[in-house]
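K.L.:
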Amino acid sequence: AVNITAALAVKSLMQRENLPGTLVLWPGIAEELLATKAWFTRDGLFDDVDAVLFTHVGDNLGVSWGPARGTGLVSVEYSFGGVAAHGAGDPWRGRSALDAVELMNVAWNFRREHLHPLQRSHYVIVNGGDQPNVVPSAATVWYFIREITADGIRENFDTLQRIAEGAALMTDATMSRRIVGAAWPRHFNEPIAQVMGRNIAAVGLPKWSEDDQRYARALQELLEADEITGLATELTGVQDPPDNPVSGGSDDIGDVSWAVPTITLRYPSNIEGLPGHHWSRAMAMATPIAHKGVTAGAKVLAATMLDLIQDPELVEAAWEYFREEQLQGTVYEPFIGPDDPPAIEKNADTMAQFRDQLREFYYDPSRYGTYLEQLGVAYPQLERP
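So the sequence shown is numbered by the numbering used here: it starts at 5 and just counts up by one.
(1) Let me check one thing: in DSSP terms, what residues is L77 bridge-paired to?
(2) Identify, in the order they occur along the chain, each residue of the same chain with its Cβ nearer than 6 Å to the Cβ of L102, setting aside the five sequence neighbours on each side.
(3) Just to check my reading of the structure: F192 and T266 have Cβ atoms closer than 8 Å, yes? What is that Cβ distance to the nearest angstrom?
(4) In this structure, how does DSSP classify P71 when only helix, strand and coil are distinguished?
(5) Keeping to the same chain, check which residues put their C-beta closer than 6 Å to that of A294; ignore five residues upstream and five downstream.
(6) Within 10 angstroms of the Cβ of T237, are there 16 or more other Cβ atoms? Answer buried if so, exposed if not.
(7) Given a threshold of 16 other Cβ atoms within 10 Å of its Cβ, counted over all protein chains shown, does V335 qualify as buried or as exposed?
(8) Kindly confirm or deny that the segment 36 to 53 and the segment 305 to 313 touch, where touching means at least three C-beta pairs closer than 8 Å.
(9) Compute the distance between the beta-carbons of G297 and A229, then report whether it is under 8 Å.
(10) Report yes or no: do the segment 59 to 71 and the segment 106 to 121 share at least 3 C-beta pairs separated by less than 8 Å?
(11) Could you tell me the boundaries of the alpha helix (DSSP H) in which H295 lies?
(12) Mind the definition here: the segment 25 to 39 touches the segment 241 to 253 only if three or more C-beta pairs lie below 8 Å; say whether that holds.
(13) Using three-state DSSP, classify Q243 as helix, strand or coil.
(14) Check the C-beta distance from A55 over to V319 and give it rounded, since I have them as a contact under 8 Å.
(15) Taking the CB atoms as reference points, tell me whether L305 and N7 lie closer together than 8 Å.
(16) Which residues in the same chain have their Cβ closer than 6 Å to the Cβ of S83, if we skip the five residues on either side of it in sequence?
(17) When you compare each of V14, G76, A172 to L37 by their alpha carbons, which one comes out closest?
(18) Can you give me the Cβ contacts of I33 inside the same chain, cut-off strictly under 6 Å, excluding the 5 residues immediately before and after it?
(19) Which residues in the same chain as G86 place their Cβ atom closer than 6 Å to its Cβ, once the five residues preceding and following it in sequence are excluded?
(20) First and last residue of the beta strand (DSSP E) that includes G62?
(21) For A187 and G258, which I take to be in contact (beta-carbon distance under 8 Å), what is that distance rounded to the nearest angstrom?
(22) Do you know how far the Cα of P195 is from the Cα of N22?
(23) Quick check on V130: does DSSP put it in helix, strand or coil?
(24) Quick check: Y147 and V105, are their CB atoms within less than 8 Å of each other?
(25) Do you know whose CA, among T354, S125, K211, L386, lies nearest V78's CA?
(26) Do P71 and P189 count as a contact pair if the criterion is CB distance below 8 Å?
(27) Give me the Cβ distance between T308 and V199, rounded to the nearest whole Å; I'm assuming they're in contact under 8 Å.
(28) Which residue or residues does DSSP assign as beta-bridge partners of H281?
(29) Spatial neighbours of R97 within its chain, please: CB distance less than 6 Å, with the 5 preceding and 5 following residues excluded, ordered by chain position.
(30) Using 8 Å as the threshold, is the C-beta distance between R150 and S16 below it?
(31) I'd like to check one pair, V207 with K303: are the Cβ atoms closer than 8 Å?
(32) Please identify the residue among G333, T153, D216, R182 whose C-alpha is closest to the C-alpha of A347.
(33) Need the endpoints of the alpha helix (DSSP H) that L226 sits in, please.
(34) Using only CA atoms, which one of S370, E387, D52, P342 lies nearest to V264?
(35) I'd like to check one pair, Y367 with E375: are the Cβ atoms closer than 8 Å?
(36) What is the rounded straight-line gap between the Cα of D360 and the Cα of T354?
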(Lines of atoms letter the chains of each structure in order from A; the text may use other names.)
(Lines give C-alpha, C1' and ligand atoms only; values in the text may rest on other atoms or scores of the structure.)
Protein backbone atom coordinates (compact mmCIF):
# COMPACT_ATOMS: atom_id res chain seq x y z
CA ALA A 5 0.00 0.00 0.00
CA VAL A 6 2.84 2.42 0.82
CA ASN A 7 4.59 1.85 -2.51
CA ILE A 8 1.44 1.99 -4.63
CA THR A 9 0.13 5.14 -2.94
CA ALA A 10 3.48 6.89 -3.33
CA ALA A 11 3.88 5.81 -6.95
CA LEU A 12 0.40 7.04 -7.91
CA ALA A 13 1.01 10.40 -6.24
CA VAL A 14 4.41 10.85 -7.90
CA LYS A 15 3.09 9.74 -11.29
CA SER A 16 0.44 12.47 -11.07
CA LEU A 17 3.07 15.09 -10.23
CA MET A 18 5.38 13.91 -13.00
CA GLN A 19 2.59 14.25 -15.54
CA ARG A 20 1.53 17.65 -14.24
CA GLU A 21 5.05 19.08 -14.09
CA ASN A 22 6.46 17.22 -17.12
CA LEU A 23 9.14 15.55 -15.02
CA PRO A 24 11.17 12.92 -16.91
CA GLY A 25 11.73 9.51 -15.40
CA THR A 26 10.34 6.01 -15.05
CA LEU A 27 8.70 4.49 -11.98
CA VAL A 28 8.88 0.71 -11.67
CA LEU A 29 6.65 -1.22 -9.27
CA TRP A 30 7.57 -4.87 -8.76
CA PRO A 31 5.82 -7.50 -6.62
CA GLY A 32 7.31 -8.72 -3.36
CA ILE A 33 6.17 -12.29 -3.96
CA ALA A 34 6.82 -14.98 -1.34
CA GLU A 35 8.59 -12.55 0.98
CA GLU A 36 8.49 -14.81 4.03
CA LEU A 37 9.92 -17.64 1.93
CA LEU A 38 12.68 -15.32 0.65
CA ALA A 39 11.92 -16.95 -2.67
CA THR A 40 11.81 -14.16 -5.24
CA LYS A 41 14.23 -11.25 -5.07
CA ALA A 42 17.39 -13.31 -5.55
CA TRP A 43 15.83 -14.67 -8.74
CA PHE A 44 14.80 -11.17 -9.85
CA THR A 45 18.39 -10.05 -9.32
CA ARG A 46 19.92 -13.09 -11.01
CA ASP A 47 17.74 -12.60 -14.08
CA GLY A 48 18.62 -8.92 -14.50
CA LEU A 49 15.36 -7.20 -13.55
CA PHE A 50 17.29 -4.33 -11.92
CA ASP A 51 19.96 -3.86 -14.58
CA ASP A 52 18.50 -0.55 -15.82
CA VAL A 53 17.32 0.76 -12.43
CA ASP A 54 18.94 3.82 -10.79
CA ALA A 55 17.72 3.17 -7.23
CA VAL A 56 15.41 0.89 -5.26
CA LEU A 57 13.20 2.21 -2.46
CA PHE A 58 11.94 -0.77 -0.49
CA THR A 59 9.50 -0.70 2.42
CA HIS A 60 8.76 -2.92 5.39
CA VAL A 61 6.18 -2.59 8.12
CA GLY A 62 7.52 -1.55 11.51
CA ASP A 63 6.58 0.35 14.65
CA ASN A 64 8.36 3.62 13.82
CA LEU A 65 9.30 5.73 10.82
CA GLY A 66 12.94 5.15 10.00
CA VAL A 67 15.68 4.16 7.59
CA SER A 68 19.21 2.83 7.98
CA TRP A 69 22.40 2.72 5.94
CA GLY A 70 25.43 0.49 5.73
CA PRO A 71 25.44 -3.15 6.86
CA ALA A 72 22.00 -3.88 8.26
CA ARG A 73 21.02 -5.58 11.48
CA GLY A 74 20.13 -9.21 10.89
CA THR A 75 21.33 -12.05 8.72
CA GLY A 76 21.36 -13.48 5.24
CA LEU A 77 20.36 -17.06 4.58
CA VAL A 78 20.03 -20.09 2.38
CA SER A 79 16.67 -21.89 2.52
CA VAL A 80 17.14 -25.47 1.34
CA GLU A 81 15.22 -28.74 1.26
CA TYR A 82 16.97 -32.11 1.49
CA SER A 83 15.00 -35.08 0.21
CA PHE A 84 16.03 -38.66 0.94
CA GLY A 85 14.90 -41.79 -0.86
CA GLY A 86 14.75 -45.22 0.76
CA VAL A 87 12.92 -48.52 0.29
CA ALA A 88 9.44 -49.18 1.66
CA ALA A 89 8.76 -52.29 3.72
CA HIS A 90 6.32 -53.55 6.35
CA GLY A 91 7.40 -52.13 9.68
CA ALA A 92 6.59 -55.36 11.55
CA GLY A 93 6.54 -58.07 8.87
CA ASP A 94 9.89 -57.50 7.16
CA PRO A 95 11.51 -54.22 8.23
CA TRP A 96 14.95 -55.60 7.32
CA ARG A 97 13.98 -55.24 3.68
CA GLY A 98 13.42 -51.52 4.07
CA ARG A 99 15.70 -48.49 3.99
CA SER A 100 14.22 -45.61 5.97
CA ALA A 101 14.44 -42.18 4.40
CA LEU A 102 13.17 -40.80 7.70
CA ASP A 103 16.20 -42.29 9.47
CA ALA A 104 18.38 -40.20 7.16
CA VAL A 105 16.43 -37.04 8.03
CA GLU A 106 16.69 -37.76 11.75
CA LEU A 107 20.40 -38.49 11.59
CA MET A 108 20.95 -35.29 9.63
CA ASN A 109 19.07 -33.27 12.24
CA VAL A 110 20.94 -34.90 15.12
CA ALA A 111 24.28 -34.15 13.47
CA TRP A 112 23.37 -30.53 12.81
CA ASN A 113 22.19 -30.05 16.39
CA PHE A 114 25.52 -31.38 17.67
CA ARG A 115 27.32 -29.03 15.29
CA ARG A 116 25.48 -25.96 16.65
CA GLU A 117 27.81 -25.86 19.67
CA HIS A 118 30.70 -25.06 17.35
CA LEU A 119 29.03 -22.40 15.20
CA HIS A 120 29.42 -18.66 15.54
CA PRO A 121 27.05 -17.25 18.21
CA LEU A 122 25.39 -14.91 15.68
CA GLN A 123 24.33 -17.72 13.34
CA ARG A 124 20.72 -18.87 13.35
CA SER A 125 19.48 -22.16 11.94
CA HIS A 126 16.15 -23.95 12.09
CA TYR A 127 14.35 -26.77 10.32
CA VAL A 128 11.02 -28.52 9.88
CA ILE A 129 10.33 -32.03 8.61
CA VAL A 130 7.93 -31.46 5.72
CA ASN A 131 7.57 -35.14 4.88
CA GLY A 132 8.23 -37.84 7.44
CA GLY A 133 6.45 -40.76 5.82
CA ASP A 134 2.87 -42.01 5.60
CA GLN A 135 2.13 -44.10 8.69
CA PRO A 136 4.18 -45.91 11.35
CA ASN A 137 3.82 -49.46 10.01
CA VAL A 138 5.46 -48.57 6.69
CA VAL A 139 9.19 -47.93 6.47
CA PRO A 140 9.30 -44.44 4.88
CA SER A 141 10.64 -44.58 1.34
CA ALA A 142 10.70 -40.77 1.08
CA ALA A 143 11.35 -38.00 3.59
CA THR A 144 12.22 -34.31 3.35
CA VAL A 145 13.62 -31.77 5.79
CA TRP A 146 13.66 -28.01 5.17
CA TYR A 147 16.45 -25.87 6.65
CA PHE A 148 17.09 -22.16 7.06
CA ILE A 149 20.83 -21.50 7.42
CA ARG A 150 21.49 -17.92 8.56
CA GLU A 151 24.66 -15.95 9.26
CA ILE A 152 25.69 -12.30 9.33
CA THR A 153 28.16 -12.64 6.44
CA ALA A 154 27.91 -14.26 3.03
CA ASP A 155 31.11 -16.23 3.71
CA GLY A 156 29.63 -17.52 6.97
CA ILE A 157 26.46 -18.62 5.21
CA ARG A 158 28.45 -20.50 2.56
CA GLU A 159 30.62 -22.19 5.18
CA ASN A 160 27.63 -23.38 7.21
CA PHE A 161 25.79 -24.43 4.06
CA ASP A 162 28.80 -26.51 2.98
CA THR A 163 28.83 -28.14 6.42
CA LEU A 164 25.12 -28.93 6.16
CA GLN A 165 25.67 -30.44 2.70
CA ARG A 166 28.36 -32.79 4.03
CA ILE A 167 26.11 -33.79 6.92
CA ALA A 168 23.31 -34.62 4.47
CA GLU A 169 25.69 -36.72 2.39
CA GLY A 170 26.79 -38.53 5.55
CA ALA A 171 23.20 -39.22 6.60
CA ALA A 172 22.48 -40.73 3.19
CA LEU A 173 25.61 -42.88 3.43
CA MET A 174 24.69 -44.16 6.90
CA THR A 175 21.21 -45.24 5.83
CA ASP A 176 21.83 -46.44 2.27
CA ALA A 177 19.48 -43.71 1.09
CA THR A 178 19.64 -41.45 -1.91
CA MET A 179 19.78 -37.69 -1.35
CA SER A 180 18.90 -34.63 -3.38
CA ARG A 181 18.57 -30.98 -2.50
CA ARG A 182 16.92 -27.86 -3.87
CA ILE A 183 17.23 -24.20 -2.96
CA VAL A 184 13.86 -22.82 -1.84
CA GLY A 185 14.97 -19.29 -0.99
CA ALA A 186 18.05 -17.15 -0.55
CA ALA A 187 18.99 -13.78 0.88
CA TRP A 188 22.32 -12.00 0.97
CA PRO A 189 23.09 -9.89 4.06
CA ARG A 190 21.72 -6.41 3.40
CA HIS A 191 23.72 -3.22 2.79
CA PHE A 192 21.83 0.04 2.38
CA ASN A 193 22.83 3.24 0.61
CA GLU A 194 23.95 6.19 2.76
CA PRO A 195 23.23 9.15 0.40
CA ILE A 196 19.66 8.02 -0.26
CA ALA A 197 19.12 7.19 3.42
CA GLN A 198 20.23 10.66 4.52
CA VAL A 199 17.87 12.34 2.05
CA MET A 200 15.06 10.07 3.16
CA GLY A 201 15.90 10.96 6.77
CA ARG A 202 15.20 14.61 6.04
CA ASN A 203 11.85 13.64 4.54
CA ILE A 204 11.07 11.53 7.59
CA ALA A 205 11.74 14.54 9.82
CA ALA A 206 9.48 16.70 7.63
CA VAL A 207 6.59 14.21 7.63
CA GLY A 208 6.88 13.06 11.24
CA LEU A 209 5.03 10.31 13.03
CA PRO A 210 1.25 10.07 12.71
CA LYS A 211 -0.93 11.86 15.23
CA TRP A 212 -2.17 8.91 17.24
CA SER A 213 -5.56 9.20 18.92
CA GLU A 214 -6.14 8.14 22.49
CA ASP A 215 -8.08 5.15 21.11
CA ASP A 216 -5.00 4.17 19.10
CA GLN A 217 -2.80 4.33 22.19
CA ARG A 218 -5.30 2.45 24.36
CA TYR A 219 -5.52 -0.30 21.77
CA ALA A 220 -1.73 -0.58 21.49
CA ARG A 221 -1.22 -0.67 25.26
CA ALA A 222 -3.96 -3.28 25.66
CA LEU A 223 -2.24 -5.57 23.16
CA GLN A 224 1.13 -5.05 24.81
CA GLU A 225 -0.35 -5.96 28.19
CA LEU A 226 -2.13 -9.01 26.77
CA LEU A 227 1.06 -10.29 25.15
CA GLU A 228 3.19 -9.38 28.20
CA ALA A 229 5.52 -7.05 26.34
CA ASP A 230 8.67 -6.02 28.19
CA GLU A 231 7.45 -2.41 28.27
CA ILE A 232 3.93 -1.03 27.99
CA THR A 233 4.75 2.02 25.90
CA GLY A 234 1.90 2.26 23.42
CA LEU A 235 2.67 3.64 19.98
CA ALA A 236 5.88 5.46 19.15
CA THR A 237 5.89 9.23 19.70
CA GLU A 238 9.57 9.92 18.92
CA LEU A 239 11.10 9.34 15.50
CA THR A 240 13.75 6.72 14.88
CA GLY A 241 15.00 8.69 11.88
CA VAL A 242 18.25 7.58 10.26
CA GLN A 243 20.05 4.69 11.93
CA ASP A 244 23.82 4.42 11.49
CA PRO A 245 25.41 0.98 11.09
CA PRO A 246 25.62 -0.92 14.39
CA ASP A 247 29.00 -0.79 16.12
CA ASN A 248 28.88 -4.57 16.47
CA PRO A 249 27.04 -7.05 14.23
CA VAL A 250 23.50 -7.85 15.35
CA SER A 251 21.87 -11.17 14.50
CA GLY A 252 18.21 -11.58 13.64
CA GLY A 253 15.90 -11.99 10.69
CA SER A 254 16.65 -11.99 6.99
CA ASP A 255 15.18 -10.32 3.91
CA ASP A 256 15.92 -11.07 0.28
CA ILE A 257 16.05 -7.34 -0.46
CA GLY A 258 19.68 -8.05 0.45
CA ASP A 259 20.33 -9.46 -3.02
CA VAL A 260 18.81 -6.37 -4.62
CA SER A 261 20.97 -4.14 -2.42
CA TRP A 262 24.11 -5.65 -4.01
CA ALA A 263 22.85 -4.94 -7.54
CA VAL A 264 21.63 -1.34 -7.24
CA PRO A 265 21.65 1.41 -4.56
CA THR A 266 18.86 0.42 -2.17
CA ILE A 267 17.25 1.50 1.09
CA THR A 268 14.41 0.16 3.23
CA LEU A 269 11.87 2.52 4.75
CA ARG A 270 10.19 1.16 7.86
CA TYR A 271 6.77 2.66 8.46
CA PRO A 272 4.73 2.65 11.71
CA SER A 273 1.75 0.38 11.09
CA ASN A 274 2.45 -2.09 13.87
CA ILE A 275 2.84 -2.15 17.64
CA GLU A 276 6.15 -2.40 19.46
CA GLY A 277 7.01 -5.31 21.73
CA LEU A 278 4.82 -8.03 20.21
CA PRO A 279 6.28 -11.44 19.27
CA GLY A 280 7.28 -11.86 15.64
CA HIS A 281 5.34 -14.18 13.30
CA HIS A 282 2.47 -14.26 15.80
CA TRP A 283 -1.25 -13.56 15.37
CA SER A 284 -0.92 -10.39 17.44
CA ARG A 285 1.17 -8.82 14.67
CA ALA A 286 -1.92 -8.83 12.46
CA MET A 287 -4.14 -7.06 14.97
CA ALA A 288 -3.24 -3.50 14.01
CA MET A 289 -3.56 -4.11 10.27
CA ALA A 290 -7.32 -3.44 10.11
CA THR A 291 -7.21 -0.42 12.41
CA PRO A 292 -6.56 3.32 11.97
CA ILE A 293 -3.04 2.63 13.28
CA ALA A 294 -2.07 0.85 10.07
CA HIS A 295 -3.81 3.39 7.84
CA LYS A 296 -2.03 6.30 9.50
CA GLY A 297 1.31 4.52 9.36
CA VAL A 298 0.93 3.67 5.68
CA THR A 299 -0.02 7.26 4.87
CA ALA A 300 3.05 8.61 6.66
CA GLY A 301 5.26 6.07 4.91
CA ALA A 302 3.80 6.92 1.50
CA LYS A 303 4.51 10.62 2.03
CA VAL A 304 8.16 9.91 2.88
CA LEU A 305 8.55 7.52 -0.03
CA ALA A 306 6.95 9.92 -2.51
CA ALA A 307 9.16 12.80 -1.36
CA THR A 308 12.29 10.66 -1.73
CA MET A 309 11.22 9.50 -5.18
CA LEU A 310 10.87 13.13 -6.23
CA ASP A 311 14.31 13.90 -4.81
CA LEU A 312 15.82 11.16 -6.96
CA ILE A 313 13.89 12.27 -10.05
CA GLN A 314 14.83 15.94 -9.72
CA ASP A 315 18.38 15.66 -8.41
CA PRO A 316 20.82 13.82 -10.72
CA GLU A 317 23.61 14.55 -8.25
CA LEU A 318 21.82 12.45 -5.62
CA VAL A 319 21.69 9.51 -8.02
CA GLU A 320 25.37 10.03 -8.83
CA ALA A 321 26.26 10.16 -5.13
CA ALA A 322 24.27 6.99 -4.49
CA TRP A 323 26.19 5.12 -7.16
CA GLU A 324 29.51 6.53 -5.98
CA TYR A 325 28.82 5.19 -2.47
CA PHE A 326 27.69 1.88 -3.96
CA ARG A 327 30.86 1.41 -6.03
CA GLU A 328 33.49 3.09 -3.84
CA GLU A 329 32.27 2.09 -0.38
CA GLN A 330 29.86 -0.83 -0.45
CA LEU A 331 31.56 -2.98 -3.08
CA GLN A 332 35.07 -2.53 -1.69
CA GLY A 333 36.30 -5.98 -0.69
CA THR A 334 33.01 -7.70 -1.56
CA VAL A 335 32.05 -9.57 -4.70
CA TYR A 336 28.37 -10.44 -4.92
CA GLU A 337 27.87 -14.07 -5.92
CA PRO A 338 24.27 -15.24 -5.47
CA PHE A 339 23.55 -18.31 -3.38
CA ILE A 340 21.31 -19.63 -6.15
CA GLY A 341 22.73 -21.09 -9.32
CA PRO A 342 21.84 -20.16 -12.90
CA ASP A 343 19.50 -23.14 -13.21
CA ASP A 344 17.84 -23.12 -9.77
CA PRO A 345 14.10 -22.57 -10.37
CA PRO A 346 11.91 -20.59 -7.96
CA ALA A 347 9.74 -22.74 -5.67
CA ILE A 348 6.46 -21.45 -7.09
CA GLU A 349 4.44 -24.36 -5.71
CA LYS A 350 5.27 -23.63 -2.06
CA ASN A 351 2.16 -23.08 0.11
CA ALA A 352 -0.15 -23.84 -2.83
CA ASP A 353 -2.06 -26.42 -0.77
CA THR A 354 -2.49 -23.99 2.14
CA MET A 355 -3.71 -21.22 -0.15
CA ALA A 356 -6.14 -23.58 -1.85
CA GLN A 357 -7.46 -24.70 1.54
CA PHE A 358 -8.21 -21.21 2.83
CA ARG A 359 -8.86 -19.12 -0.29
CA ASP A 360 -12.62 -19.77 -0.44
CA GLN A 361 -12.98 -19.41 3.34
CA LEU A 362 -11.38 -15.97 3.19
CA ARG A 363 -13.60 -14.59 0.43
CA GLU A 364 -16.35 -13.58 2.83
CA PHE A 365 -13.81 -11.39 4.65
CA TYR A 366 -12.68 -9.43 1.58
CA TYR A 367 -13.14 -5.71 2.09
CA ASP A 368 -15.99 -4.15 0.08
CA PRO A 369 -15.30 -0.38 -0.11
CA SER A 370 -18.51 0.20 -2.06
CA ARG A 371 -20.57 -0.74 1.00
CA TYR A 372 -18.40 0.15 4.00
CA GLY A 373 -16.29 3.13 4.95
CA THR A 374 -13.75 1.01 6.81
CA TYR A 375 -12.91 -2.64 7.17
CA LEU A 376 -13.74 -2.50 10.88
CA GLU A 377 -17.22 -1.27 9.98
CA GLN A 378 -17.62 -4.25 7.67
CA LEU A 379 -16.54 -6.59 10.48
CA GLY A 380 -18.90 -4.94 12.94
CA VAL A 381 -16.05 -4.02 15.28
CA ALA A 382 -16.38 -0.87 17.39
CA TYR A 383 -12.80 0.42 17.59
CA PRO A 384 -11.02 0.14 19.93
CA GLN A 385 -12.64 -3.13 20.96
CA LEU A 386 -10.41 -4.21 23.82
CA GLU A 387 -12.39 -7.20 25.07
CA ARG A 388 -14.36 -10.02 23.51
CA PRO A 389 -17.98 -8.81 23.05
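Each residue gets a CB set at the ideal place from its N, CA and C atoms; glycine is no exception.
Bear in mind the structure is a predicted one, so any value in this text is a computation, not a measurement.
P.N.:
This is what the structure gives:
(1) Position 73 of the sequence shown, counted from the first residue, corresponds to residue 77. Looking at the DSSP assignment, L77 forms a beta bridge with R150, A187.
(2) In the sequence shown, counting from the first residue as 1, residue 102 sits at position 98. Hits under 6 Å: G132, G133, P140, A143.
(3) The residue you call residue 192 lines up with position 188 of the sequence shown. The residue you call residue 266 lines up with position 262 of the sequence shown. Sure, about 6 Å apart at Cβ, within 8 Å.
(4) For the purposes of this step, residue 71 is taken as residue 67 along the sequence shown, with counting starting at 1. Residue state, collapsed to three classes: strand.
(5) The residue labelled residue 294 in the question sits at position 290 within the sequence shown. Within the same chain, A294 has close Cβ partners S273, A288.
(6) The residue you call residue 237 lines up with position 233 of the sequence shown. Result: exposed.
(7) Locating residue 335 in the sequence shown gives position 331, counting from the first residue. It is exposed - the Cβ of V335 has fewer than 16 other Cβ atoms within 10 Å.
(8) no
(9) Taking the first residue of the sequence shown as position 1, residue 297 is located at position 293. Taking the first residue of the sequence shown as position 1, residue 229 is located at position 225. No, the pair does not count as a contact, with Cβ atoms beyond the cut-off.
(10) no
(11) Numbered from its first residue, the sequence shown carries residue 295 at position 291. Note, H295: alpha helix (DSSP H), 292 to 314.
(12) no
(13) Translated into the one-based positions of the sequence shown, residue 243 becomes position 239. Q243: strand per DSSP, three-state reduction.
(14) Position 51 of the sequence shown, counting from 1, holds the residue named residue 55. Position 315 of the sequence shown, counting from 1, holds the residue named residue 319. About 7 Å separates the two Cβ atoms, so the contact holds.
(15) In the sequence shown, the residue the question calls residue 305 occupies position 301. In the sequence shown, the residue the question calls residue 7 occupies position 3. Yes, the pair counts as a contact, with Cβ atoms nearer than the cut-off.
(16) To locate residue 83, count along the sequence shown from 1; it is residue 79. T144, S180, listed in sequence order.
(17) Translated into positions along the sequence shown, residue 37 becomes position 33. L37 has its Cα closest to that of G76, out of V14, G76, A172.
(18) The count along the sequence shown starts at 1 and reaches residue 33 at position 29. So the qualifying residues of the chain are T40.
(19) To locate residue 86, count along the sequence shown from 1; it is residue 82. Taken in chain order, the residues that qualify are R99, S100, A101, S141, A177.
(20) Numbered from 1 along the sequence shown, position 58 holds the residue referred to as residue 62. Here the beta strand (DSSP E) through G62 covers 56 to 62.
(21) The residue given as residue 187 occupies position 183 in the sequence shown. The residue given as residue 258 occupies position 254 in the sequence shown. Indeed they touch by this definition, with Cβ atoms about 5 Å apart.
(22) Indexing the sequence shown from 1 puts residue 22 at position 18. Indexing the sequence shown from 1 puts residue 195 at position 191. Computed Cα separation, rounded: 26 Å.
(23) Here residue 130 refers to the residue found at position 126 of the sequence shown. Here V130 sits in strand by DSSP.
(24) Looking up residue 147 in the sequence shown gives position 143. Looking up residue 105 in the sequence shown gives position 101. Taking 8 Å as the Cβ cut-off, Y147 and V105 do not qualify as a contacting pair.
(25) In the sequence shown, counting from the first residue as 1, residue 78 sits at position 74. Of the listed residues, the one whose Cα sits closest to V78 is S125.
(26) The sequence position of residue 189 within the sequence shown is 185, counting from 1. The sequence position of residue 71 within the sequence shown is 67, counting from 1. In this structure, P71 lies closer than 8 Å to P189 by Cβ.
(27) Residue mapping note: residue 308 aligns to position 304 of the sequence shown, counting from 1. Residue mapping note: residue 199 aligns to position 195 of the sequence shown, counting from 1. 6 Å between Cβ atoms; contact.
(28) What you label residue 281 is simply residue 277 of the sequence shown in a count that begins at 1. Looking at the DSSP assignment, H281 forms no beta bridge with any residue, so it has no partner.
(29) The residue labelled residue 97 in the question sits at position 93 within the sequence shown. Correct list, in chain order: A89.
(30) What you label residue 150 is simply residue 146 of the sequence shown in a count that begins at 1. What you label residue 16 is simply residue 12 of the sequence shown in a count that begins at 1. Not in contact: R150 and S16 (Cβ atoms no closer than 8 Å).
(31) As a working note, residue 303 is residue 299 in the sequence shown. As a working note, residue 207 is residue 203 in the sequence shown. Yes; because the gap between Cβ atoms is below 8 Å, this pair is in contact.
(32) Here residue 347 refers to the residue found at position 343 when the sequence shown is read from its first residue. A347 has its Cα closest to that of R182, out of G333, T153, D216, R182.
(33) Locating residue 226 in the sequence shown gives position 222, where the first residue counts as 1. Note, L226: alpha helix (DSSP H), 214 to 226.
(34) As a first step, residue 264 must be located in the sequence shown, where it is residue number 260. It is D52.
(35) For the purposes of this step, residue 375 is taken as the residue at position 371 of the sequence shown. For the purposes of this step, residue 367 is taken as the residue at position 363 of the sequence shown. The question names Glu, but residue 375 is Tyr in the sequence shown. Contact flag set, yes.
(36) By 1-based counting over the sequence shown, the position of residue 360 is 356. By 1-based counting over the sequence shown, the position of residue 354 is 350. Taking the straight line from one Cα to the other gives about 11 Å.
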